[in-house]
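This report concerns only the one structure given below.
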Amino acid sequence: MRAYVVSRLAQTALVVFLSLTAVFVMVRLSGDPVLLFMPMDIQAKDVNEFRQRLGFNDPLPVQYARFVGGAMRGDFGESLRYRRDALGLVLERLPATLLLAGTSLLLTLVVAVPLGVVSAVRRDSVLDHVGTISTVLGQATPGFWLGLLLIYLFSVQLRWLPTGGMGGLAHLVMPSVVLAAFYSARIARLTRSAVLEVLGEDYILTARAKGLGEGRVIGKHTLRNSAIPIVTLAGLEAGQVLGGAVITETIFAWPGLGRLTVQALLNRDFPVVLAAVFFISLMYTLINLAVDLLYGWLDPRVRLR
Amino acid sequence: MKKWLGIALTVAALLSALGAPWLAAHDPLRTDFAQSLKPPGAPGHPFGTDQLGRDLLARILHGARLALFIGGCTVIVTAIVGGLLGLVAGFVERWPSTVLMRIVDVQLSFPFILLAMTINAIVGLGLRNIILSLSAAGWVVYARVVRGEVLSVKQRDYVQAAAALGMGRMRLMFRHVLPNVAPSIVVVASLQFSSFVVAEASISFLGFGVQPPTPAWGSMLSESRDFLYVAWWLAAFPGAALALTALGVNLLGDWLRDTLDPKLRV
């Protein structure tokens, strides 16, 4: 197990470093960040002064080295728009995103996993059909459209929930449902097929043949064995929740990391883009690392690969 | 049932896309302030009109054209680029494989939509650039799947036999390995198509991608937010068109996977 953990950690460190480089290259390919940010009618003297102050006049390798060095110490430079350190802005928005993503994940676990298990165990029942139809619809419905429909229904027509912003529990309802919808549909389908696969195994037949009650067959033999694919895929998909947060936060004016990224991209505020995109990819990579380690612990065969 | 619904919805989307100029009674760009914000069912405008008096049905039909064009181009570009790289990496293991898998790892450390949006914000807006951004963010899925398939096909007896008979590597790769991984490429392409269409709409919704006044579903939905209190149809119909297209293509993709390659996980 130790060798497995060490090799996974080394791989993760490499990926983090390479993605840092990728972010830098991507942002620098776009041309002069200062000119893109500045209004059209600015004077050349001011542009140059701004550039000098932020270090954009140095050769690219120097800028790259400074960027990587700074990033290691958590310094991504100063936001062009807010004149504050970019990482500070990102960290300030982080709790809102974590709250939203956490609530959605919880909703998913409470709704999707039991739905998938019941659909598989009671295959071809009414509940299975209803579940299949709703997961297929859930996967096809774009989150931002679902958001608009919910706002129309619950804010415009019924006036039950606020259209956006962050505040009490009522503000959390629609964004987390929208974010959970797509993810739940995936997880319910994956759970159903994972459980079905296990139910077809010989050891389930054996368990039934030796007279075990259905509760024990499902609870002990089936669920334990189908946990591995569910955990893996749920973990891999968890990262996509961060991508979904970018859209959901924008619709509901939720003051999180996703909305900050969109605004920074629209404003061409590149230090904030660098910090935010890198931070999201870091979280994503760490989630994947956690899943891999959990996977290795659940299924010892994995460690040998 | 799933198969027929998938085929029906996909064909409907294709027909609207191809036939948009003939099916639509109005020019999707022509404004008419006397007719602005008419509800569905208004004379001559079955889906109503938007804030500038443009016919919503015409805009949705032309939106289908744009969405399917972008989705189609992206699927073709990613299938060719990702497929070829995956083929080479699986065939010539050693360093091409390692390099490719590192690139794939790095790309997969960004959520797809965030990566496509960031690339799009950087390379610039417009039709060509949205196809470019989606392709740059999406090709890794093919590369990974195809590489995995090639690694397993390579071990089969007929490939080994052809190699033992002295067949050249190029011929072996394109004549024996490629046809056997082709079904996976088709399945991945069909499953990716709807995610590209939805991603394009999301990116245009956020203010990048295709810009108004071009009738793209995403930017139409984005504009509809300002009129949600007075004109629900501006949000309802373009979104429904998008969701039904995605549903149709997803069902078709599921059916293709069940038929061609039931073990494949994407």
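These protein sequences, in sequence, are chains A and B.
Numbered per our numbering, the first sequence spans residues 53 to 357.
Numbered per our numbering, the second sequence spans residues 2 to 267.
Every residue, glycine too, gets a C-beta built ideally from N, C-alpha and C.
Bear in mind that the values here come from a model prediction, so they are computed numbers and not experimental data.
Contacts that residue i makes with chain A (C-beta to C-beta distance below 8 angstroms)
i: B/TYR230; result: VAL208
i: B/ILE120; result: MET78
i: B/ARG258; result: Simply none; closest approach about 12 angstroms.
Contacts that residue i makes with chain B (C-beta to C-beta distance below 8 angstroms)
i: A/SER171; result: By Cβ distance, chain B contributes nothing, its closest Cβ being about 15 angstroms from A/SER171, past 8 angstroms.
i: A/SER71; result: VAL107, SER110, PHE111
i: A/THR337; result: SER110
i: A/VAL58; result: The premise fails here: A/VAL58 is roughly 17 angstroms from chain B at the closest Cβ pair, so nothing lies under 8 angstroms.
Spatially closest choice to residue i from the options, by CA coordinates
i: A/GLY126; options: A/TYR116, A/GLN115, A/ARG136, A/GLY140; result: A/GLY140
i: B/GLY125; options: A/PRO352, A/ALA328, A/LEU317; result: A/LEU317
i: A/VAL170; options: A/VAL293, A/LEU242, A/GLY308; result: A/LEU242
i: B/LEU128; options: B/LEU15, B/LEU67, B/GLN193; result: B/LEU67
i: B/ALA35; options: B/ASP51, B/ASP28, B/LEU24; result: B/ASP51
i: A/GLY274; options: A/GLN292, A/ASP254, A/GLY287; result: Note on residue identity: the sequence assigns Thr, not Gly, to residue 274 of chain A. Per the Cα distances, A/ASP254.
i: B/GLN193; options: A/GLN63, A/GLN191, A/GLN115; result: A/GLN191
i: B/THR260; options: B/SER191, B/VAL178, B/GLN161; result: B/SER191
i: A/ALA328; options: A/ASP180, A/SER236, A/ILE339, A/GLY295; result: A/GLY295
i: B/ASN181; options: B/ASP255, B/PRO44, B/SER153, B/ALA144; result: B/SER153
i: B/ALA202; options: B/PRO239, B/GLY54, B/LEU166, B/THR32; result: B/PRO239
i: B/LEU88; options: B/LEU116, B/MET171, B/VAL147, B/ARG103; result: B/VAL147
i: B/GLY208; options: B/SER196, B/ARG226, B/SER195, B/MET168; result: B/ARG226
i: A/GLU289; options: B/THR79, B/VAL12, B/PHE111, B/VAL107; result: B/PHE111
i: B/GLY254; options: B/PRO22, B/VAL189, B/VAL12; result: B/VAL189
i: B/LEU235; options: B/LYS3, B/TRP96, B/GLY49; result: B/GLY49
i: B/GLY54; options: B/TYR159, B/ALA65, B/HIS27; result: B/HIS27
i: B/SER185; options: B/GLY20, B/SER134, B/ARG145; result: B/ARG145
i: B/ASN251; options: A/ALA138, A/ARG238, A/ARG260; result: A/ARG238
i: B/ALA9; options: B/LEU245, B/THR79, B/VAL142; result: B/LEU245
i: A/LEU143; options: A/PRO281, A/LEU198, A/ILE332; result: A/ILE332
i: A/MET362; options: A/THR73, A/PRO111, A/LEU345, A/THR193; result: The structure shown does not extend to residue 362 of chain A, since chain A is modelled only from 53 through 357, so no value can be given for it.
i: B/VAL160; options: B/PHE92, B/LEU16, B/VAL107; result: B/PHE92
i: A/GLN315; options: A/ARG133, A/ALA65, A/THR187, A/GLU101; result: A/ARG133
Cβ shell of residue i (< 8 angstroms), same chain only, five flanking positions each side left out
i: A/LEU152; result: LEU224, PRO227, SER228, LEU231, ALA297, THR300, GLU301, TRP306, GLY308
i: A/TRP349; result: MET53
i: B/THR32; result: LEU53, GLY54, ARG55
Chain-order list of residues whose beta-carbon lies under 6 angstroms from that of residue i (same chain, five-residue window excluded)
i: A/ILE203; result: THR215
i: B/PHE1; result: Within the shown structure, residues of chain B are numbered from 2 to 267, placing residue 1 of chain B beyond reach of any answer.
i: B/HIS46; result: LYS39, ASP56
i: B/CYS74; result: ILE132
i: B/SER98; result: ALA90
i: B/PRO29; result: ALA59, ARG60, HIS63, PRO216
i: B/LYS155; result: none
i: B/LEU243; result: ALA202, TRP218
Closer than 9 angstroms at the beta carbon, the chain A residues around residue i
i: B/GLY240; result: THR193, PRO194, PHE196, TRP197, LEU198, LEU200, LEU201
i: B/ILE61; result: Those within 9 angstroms of B/ILE61 in chain A number zero; the least Cβ separation is about 13 angstroms.
i: B/ALA247; result: GLN191, ALA192, THR193, PRO194
i: B/ARG103; result: LEU66, VAL67, LEU70
i: B/ARG226; result: LEU200, ILE203, ILE303
Proximity test, residue i beta-carbon vs the ligand ATP heavy atom, cut-off 7 angstroms
i: A/GLU266; result: This structure lacks the ligand ATP; in fact it carries no ligand of any kind.
Residues that residue i contacts on chain B, provided the C-beta gap is smaller than 7 angstroms
i: A/ILE204; result: Ile is not the amino acid found at residue 204 of chain A; the sequence shown has Tyr there. Those within 7 angstroms of A/TYR204 in chain B are LEU229, TRP233, ALA236.
i: A/ALA74; result: VAL107
i: A/LEU318; result: GLY208
i: A/ILE239; result: The premise fails here: A/ILE239 is roughly 14 angstroms from chain B at the closest Cβ pair, so nothing lies under 7 angstroms.
i: A/SER333; result: SER110, PHE111
i: A/VAL314; result: LEU207
Residues near residue i by beta carbon distance below 7 angstroms, same chain, minus five either side
i: A/VAL250; result: ILE256, THR274, ASN277, SER278
i: A/LEU167; result: GLY183, ALA240
i: B/ILE114; result: ALA200, SER203
i: A/ALA172; result: ARG244, VAL247, LEU248, LEU251
i: A/ALA148; result: MET218, TRP306, PRO307, GLY308
i: B/ALA164; result: LEU173
Interface residues of chain A facing residue i [CB-CB closer than 7 angstroms]
i: B/ALA244; result: ALA192, THR193, PRO194, TRP197
Partners in chain B for residue i, counting only beta-carbon separations shorter than 9 angstroms
i: A/VAL329; result: PHE111, LEU115, LEU116, THR119
i: A/VAL188; result: LYS3, LEU248, ASN251, LEU252, ASP255
Beta carbon proximity, residue i to chain E, threshold 8 angstroms
i: B/LEU222; result: Chain labels in this structure do not include chain E; the protein chains are A and B.
Return the residues of the stretch 280-306 of chain A that lie within a Cβ-Cβ distance of less than 7 angstroms from chain B, sorted by chain order.
GLY291, GLN292, LEU294, GLY295, VAL298, ILE299, THR302
Where the stretch 191-209 of chain B meets chain A: residues whose CB sits under 8 angstroms from a CB there:
SER195, VAL199, ALA202, SER203, PHE206, LEU207, GLY208, PHE209
In chain order, what are the residue ranges of uninterrupted beta strand (DSSP E) at least 3 long that sit wholly in the stretch 130-157 of chain B?
none
Could you pull out every unbroken beta strand (DSSP E) segment of at least 3 residues lying fully inside the stretch 162-243 of chain B, listed in chain order?
none
Got a sec: which bits of the stretch 139-165 of chain A sit with their beta carbon under 7 angstroms from any beta carbon on chain B, in order along the chain?
none
Extract the residue ranges of the alpha helix (DSSP H) inside the stretch 88-122 of chain B, only unbroken runs of 4 or more that lie entirely within it.
95-108
Between the stretch 122-143 of chain B and chain A, which residues of the former have a C-beta closer than 8 angstroms to a C-beta of the latter?
ALA122, ILE123, VAL124
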